[in-house]
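Peer 1: Can you keep this structure in mind? I'll have questions shortly.
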Amino acid sequence: MPIRPRGSVDVPLWRALATFRVASALYAAILTAGNFRAYDHPAAAWVVTGVMAGWSAMTVPAYARARSRRWPLVTVDLVVTAACLLSSLWIVGGYGLAHGRPTLTVTWMACPVLAAAIIYGQVWGAVLAAAMGSVDLATRQVITQSTVTGTVIMVIAAVALGRLARFAYDMQQRLNRATAVEAANHERERLAREIHDGVLQAITLVRRRASELGEPGVELGRLAAEQEATLRALVSATPVETPDDGVTDLRVPISALAAAAVAVSTPADGVWLPSKAAADVVAATAAALENVRTHAGPDARAWVLLEDEPEAVTVTVRDDGAGFDAQRLAAAEAEGRIGVAQSIKGRIRDAGGIVTIVSAPGAGTEIEMRVARAAPPRRASVRWGRVRG
Amino acid sequence: MSEAEQPPIRPPMRVMVVDDHPMWRDGVSRDLAEAGYEIVASVGEGAQAVRIAAAVRPDVVVLDLQLPDLSGVEVLHGLLASLPELRVLVLSASGEQQDVLDAVKAGAAGYLLKSTEREAFVDAVGRTAAGEAVFTPGLAGLVLGEYRRLAAGPTGPGPAVPTLTARETEILRLVAKGFSYRQIADRLVLSHRTVQNHVQNTLNKLQLHNRVELARYAIATGLDTVDEA
């Protein structure tokens, strides 16, 4: 089935085909004018020429409308064209055709084939070109190098046009997608600005003032602090969508992990990794933070640092919580009691990286995840995080 | 503000608050006034701030990056043009990364999120006035990233790209991972002052590079041409 994206990228192709159709009909009429006296049925030749002119006049505007470019039109076009071509057998006469006289349609027979190639692509174009070529050869009744050449040219043209059309549709789709993404990002930025200028500032002030109210204010302040952190993460980590081209800017998912007790630091420019590796790193980071929540104690805070170097990307998760004895971790691993540490290591290993865990009782925990880069980093030309444009 | 080592007759620190939210401006001014600072001006627009600062000559400006008329960088350039020694502590509500980095490169002395606790905020204004670079972990991450971006960039003609020493990198990474200057000093067996100096140096180098780049840009675009007579 044809994929017809919104937009008008194929308009030039249809204009070119319309020109080809009119020029071919004219050429056929000129040849008929030169040859009709020698035909078996000269009068009928003019009838067919009239049909070709009329059909051209109908199909040119029909193909110009996107809505009517469907299989009924293409089918009727193919049948009418094939009929005109076949009528040559009776009108021109078998003897003339076999001795090199052109058919009544000449190059006009390629029109519906090329239309189909534009709509349905190179495969259908090639098939229909071969079919129309067979009708042409059947009409001529002799197969020589020169009679086959017409068919071959038609097949090649159909394939080339089919590919070109597909390429044009792809470009149109990309353009549409990029436009949609841009519009979405624009809207997000607008929302971020609104939140930033009003709600966020008010909540921050509420939290600051709440602590002065004494006991009842503590709960209020805590609630405000949580909402404030959530909103800030939402605003600053606005997930800027990019068309999925296999790489991910790690800053976006990592920044989204920020919370009341989790501070995230990143560079100002994109930190690009292959999407698969990025997903592993994000999952490992989330697991490390989950570990902080469950084991580091209720008052523990955590910091996430994302670093981008030419040879590697590093994410460090540190907390100021309870910590643990590194030897006990090694012992637990040796006994096969694999915990969060193991799942973090597994994910980072999947991403082609290494994990370093440093901890001591009472001194918090630091988990450093370092993923090597295979290729030079892709630098984003667009910086993000700007709320004010 | 009654610490023993401070001379008793020291005049109060003169602070100017720039923020377009009246509510926030008043709250911050009150907090600072209660802590013993003198609020010499409190304004809501960038151009106004530049004008008034030149007249009242504050010691410290607390500057919100989100102003209706000028960008943070423009306000900083305006302030520092008339008062080169001015200490500017930048505040922002949501940490727009590029804006914060640009402000710091343009000469801000430090940066805080607006969500900072009141006591920490008041303390940060004092530290800023005393010449210290007030860093958040977020800012340390941005500065680290900026040095790496510069190092990875094309090496063409022009001024040498600033680089961090191994010690500076180590300290910035610790700041970015949430350690206080005191904790870093203990960990690396350095003095508190030395840690501060290292952090301050990372900013100074970036700001110097930024000024050189701006000057080069001005020369390249002919902004510096003087009438030849």
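Protein chains in written order, with numbering that gives the first Met the number 0: chain Z, 0 to 388; chain D, 0 to 228. Where is the CB? At the ideal position from N, CA and C, for every residue including glycine. In this text, all values refer to a predicted model and were calculated from it rather than measured experimentally.
What does glycine 77 of chain D touch in chain Z if you count any residue whose Cβ is under 8 Å from its own?
Peer 2: Neighbours of glycine 77 of chain D on chain Z: none; closest Cβ ~17 Å, over 8 Å.
Peer 1: For the segment 8-58 of chain D, which segments carrying the alpha helix (DSSP H) assignment without a break, of at least 4 residues, lie completely within its bounds, in sequence order?
Peer 2: Within the segment 8-58 of chain D, the complete alpha helix (DSSP H) runs of at least 4 residues are 21-33 and 45-55.
Peer 1: Can you tell me where the beta strand (DSSP E) holding valine 354 of chain Z begins and where it ends?
Peer 2: 352-358 is the extent of the beta strand (DSSP E) around valine 354 of chain Z.
Peer 1: Within 10 Å of its beta-carbon, does arginine 231 of chain Z have 16 or more other beta-carbons around it, so buried, or fewer, so exposed?
Peer 2: Buried, by the Cβ-count rule.
Peer 1: So is leucine 205 of chain D in contact with chain A if we call contact Cβ pairs under 8 Å?
Peer 2: Chain labels in this structure do not include chain A; the protein chains are Z and D.
Peer 1: Check each residue of the segment 200-219 of chain Z: if its Cβ is closer than 8 Å to any Cβ of chain D, include it; give the result in chain order.
Peer 2: Flagged, chain order: Gln200, Ala201, Thr203, Leu204, Arg206, Arg207, Arg208 and Ser210.
Peer 1: Go ahead and pull the three-state DSSP assignment for proline 83 of chain D.
Peer 2: Proline 83 of chain D: coil per DSSP, three-state reduction.
Peer 1: Tell me which residue opens and which closes the alpha helix (DSSP H) that isoleucine 118 of chain Z is part of.
Peer 2: From DSSP, the alpha helix (DSSP H) with isoleucine 118 of chain Z extends over 110-119.
Peer 1: Tell me, to the nearest whole angstrom, how far the beta carbon of leucine 171 of chain D is from that of alanine 139 of chain D; I am working on the premise that it is less than 8 Å.
Peer 2: Indeed they touch by this definition, with Cβ atoms about 5 Å apart.
Peer 1: With a cut-off of 8 Å on the beta carbons, I'd call alanine 371 of chain Z and glutamate 310 of chain Z a contact; round off their distance for me.
Peer 2: The Cβ separation is near 6 Å, so the contact holds.
Peer 1: Under a CB-based cut-off of 8 Å, is lysine 104 of chain D close to chain Z?
Peer 2: No, its Cβ sits nowhere closer than 8 Å to a Cβ of chain Z.
Peer 1: In the DSSP assignment, find the alpha helix (DSSP H) that holds leucine 171 of chain D and state where it starts and stops.
Peer 2: Note, leucine 171 of chain D: alpha helix (DSSP H), 165-175.
Peer 1: Please classify glutamate 310 of chain Z: does DSSP put it in a helix, a strand, or coil?
Peer 2: Looking at glutamate 310 of chain Z - three-state DSSP - the assignment turns out to be coil, as it is neither helix nor strand.
Peer 1: Would phenylalanine 166 of chain Z be called buried (16 or more neighbouring beta carbons within 10 Å of its own) or exposed?
Peer 2: That one is exposed.
Peer 1: Write down the C-beta distance between phenylalanine 134 of chain D and valine 198 of chain D rounded to the nearest angstrom, noting that I regard them as a contact closer than 8 Å.
Peer 2: Sure, about 6 Å apart at Cβ, within 8 Å.
Peer 1: Please list, in chain order, the residues of the segment 111-125 of chain D that have any C-beta partner in chain Z closer than 7 Å.
Peer 2: Going along the segment 111-125 of chain D in chain order, one finds Lys113, Ser114 and Arg117 with a Cβ nearer than 7 Å to chain Z.
Peer 1: May I have the straight-line CA-CA distance separating leucine 79 of chain D from glutamine 206 of chain D, to the nearest angstrom?
Peer 2: Each residue's alpha carbon lies about 12 Å from the other.
Peer 1: What does the Cβ neighbour count give for lysine 275 of chain Z, buried or exposed, with the cut at 16 atoms within 10 Å?
Peer 2: Under this definition lysine 275 of chain Z is an exposed residue.
Peer 1: Name the two residues that bound the continuous alpha helix (DSSP H) containing isoleucine 218 of chain D.
Peer 2: From DSSP, the alpha helix (DSSP H) with isoleucine 218 of chain D extends over 191-219.
Peer 1: For arginine 369 of chain Z, report the span of its beta strand (DSSP E) as first-last.
Peer 2: 364-371 is the span of the beta strand (DSSP E), which, as asked, contains arginine 369 of chain Z.
Peer 1: Who are the neighbours of threonine 315 of chain Z on chain D, taking C-beta pairs under 9 Å?
Peer 2: Those are Arg172, Ala175 and Lys176, listed as they occur along chain D.
Peer 1: Tell me the start and end of each unbroken alpha helix (DSSP H) in the segment 35-120 of chain Z that is at least 4 residues and wholly inside, in chain order.
Peer 2: Taking only runs of at least 4 residues, the alpha helix (DSSP H) segments lying wholly in the segment 35-120 of chain Z are 41-63, 70-90, 93-97 and 110-119.
Peer 1: How long is the line joining the alpha carbons of alanine 53 of chain D and serine 81 of chain D, rounded to whole angstroms?
Peer 2: Approximately 6 Å between the Cα atoms of the pair.
Peer 1: Under 8 Å, do arginine 139 of chain Z and asparagine 34 of chain Z count as touching if we go by C-beta distance?
Peer 2: For arginine 139 of chain Z and asparagine 34 of chain Z, no; Cβs fall outside 8 Å.
Peer 1: What residue does the beta strand (DSSP E) around aspartate 248 of chain Z start on, and which one ends it?
Peer 2: Segment 246-248, the beta strand (DSSP E) holding aspartate 248 of chain Z.
Peer 1: Output the distance between the C-alpha atoms of serine 114 of chain D and tyrosine 36 of chain D, rounded to the nearest integer angstrom.
Peer 2: Cα to Cα, the separation comes out at about 21 Å.
Peer 1: Which residue's Cα is closest to the Cα of alanine 129 of chain Z: Z:Gly93, Z:Leu77 and Z:Val205?
Peer 2: The option with the nearest alpha carbon to alanine 129 of chain Z is Z:Leu77.
Peer 1: With contact counted as at least three CB pairs below 8 Å, one residue from each stretch, are the segment 140-147 of chain Z and the segment 111-125 of chain Z in contact?
Peer 2: No, because fewer than three Cβ pairs between the segment 140-147 of chain Z and the segment 111-125 of chain Z fall closer than 8 Å, the two stretches do not touch.
Peer 1: Are the C-beta of alanine 132 of chain D and some C-beta of chain Z separated by less than 8 Å?
Peer 2: Not closer than 8 Å to any Cβ of chain Z, the Cβ of alanine 132 of chain D fails to qualify, so no.
Peer 1: Determine the direct distance from the alpha carbon of histidine 76 of chain D to that of glycine 221 of chain D, and round the result to whole angstroms.
Peer 2: Cα to Cα, the separation comes out at about 20 Å.
Peer 1: Listed from N- to C-terminal order along the chain, which residues in the segment 47-66 of chain Z have their beta-carbon within a distance smaller than 9 Å of any beta-carbon of chain D?
Peer 2: Listed by position along the chain: nothing, the set is empty.
Peer 1: Does histidine 20 of chain D get closer than 8 Å to chain Z when you measure Cβ to Cβ?
Peer 2: For histidine 20 of chain D, the answer is yes, since a Cβ of chain Z falls inside 8 Å of its Cβ.
Peer 1: Just mark glycine 213 of chain Z as buried or exposed, buried being the case when its beta carbon has 16 or more other beta carbons within 10 Å.
Peer 2: The residue in question, glycine 213 of chain Z, is exposed, as its Cβ has fewer than 16 Cβ neighbours within 10 Å.
Peer 1: Beta carbon of serine 274 of chain Z: closer than 7 Å to some heavy atom of the ligand SAM?
Peer 2: Of ligands this structure carries none, so the ligand SAM is not represented either.
Peer 1: Rounded to a whole number of angstroms, what is the C-alpha to C-alpha distance between arginine 66 of chain Z and isoleucine 29 of chain Z?
Peer 2: Their backbone Cα atoms lie some 33 Å apart in a straight line.
Peer 1: So what's threonine 203 of chain Z in DSSP terms, helix, strand or just coil?
Peer 2: Three-state DSSP puts threonine 203 of chain Z in a helix.
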